[in-house]
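Heads up, the thing below is written out as structure tokens.
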Amino acid sequence: MELLAGARTDAERHDLRRMITGQRWLPVDPAADFESAAIIYAACRSAGFTPGGLTDCMIAALAIRTGSTLLAGDQGFARMALIVALQLDAPESLRASSPGDS
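Heads up, the sequence shown is in full-length UniProt numbering, so the first residue is 1 and it goes up one at a time.
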């Protein structure tokens with residue numbers, strides 16, 4: 001959803017759709033993932049970082065539960081990975097940030 005929403009043109013949206021069509025989709029376990037997302041949100045807040053939203057926490061919860069590595073270029077996920085057990089593949093510049101950085 002966020003990936004497609006970030007497309008600036010119809011051509012970009014089309015290319016993104018083609019790219020994600022071949023990807024493996026992880027099943028959501030509502031009982032486990034919703035609670036984990038809330039716990040992740042609270043842990044981040046306790047560490048002085050407000051996540052970008054509960055959707056980001058849900059994505060992190062799903063990745064953590066399935067042992068998946070999240071590919072993201074978003075500083076919010078990089079900061080979250082310093083607080084919770086999120087395996088992240090991100091540019092080195094994002095991984096070096098700390099929870100209290102702006």
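Beta carbons are placed, not taken as given, at the ideal position from N, Cα and C, and that holds for glycine.
Coil, strand or helix - residue i by DSSP
{"i": "Thr69", "result": "strand"}
{"i": "Arg45", "result": "helix"}
{"i": "Leu62", "result": "helix"}
{"i": "Ser102", "result": "Here Ser102 scores only 46 on pLDDT, less than 50, and its place in the model should not be relied on; the value that follows carries that caveat. Ser102 falls in the coil class under three-state DSSP."}
{"i": "Leu26", "result": "coil"}
{"i": "Thr50", "result": "coil"}
Limits of the beta strand (DSSP E) - the one that residue i falls within
{"i": "Leu88", "result": "87-89"}
Boundaries of the alpha helix (DSSP H) in which residue i is found, first to last residue
{"i": "Phe77", "result": "75-81"}
{"i": "Asp15", "result": "10-21"}
{"i": "Ala5", "result": "2-5"}
Check whether residue i and residue j have beta carbons under 8 Å apart
{"i": "Leu4", "j": "Arg13", "result": "yes"}
Exercise. Taking contact to mean at least 3 C-beta pairs separated by less than 8 Å, is the region 70-90 in contact with the region 33-52?
Worked result: With the cut-off at 8 Å, the region 70-90 and the region 33-52 touch.
For this session: Determine contact between the region 41-48 and the region 23-31, defined as no fewer than three beta-carbon pairs at a distance below 8 Å.
Result: No: fewer than three Cβ pairs fall under 8 Å.
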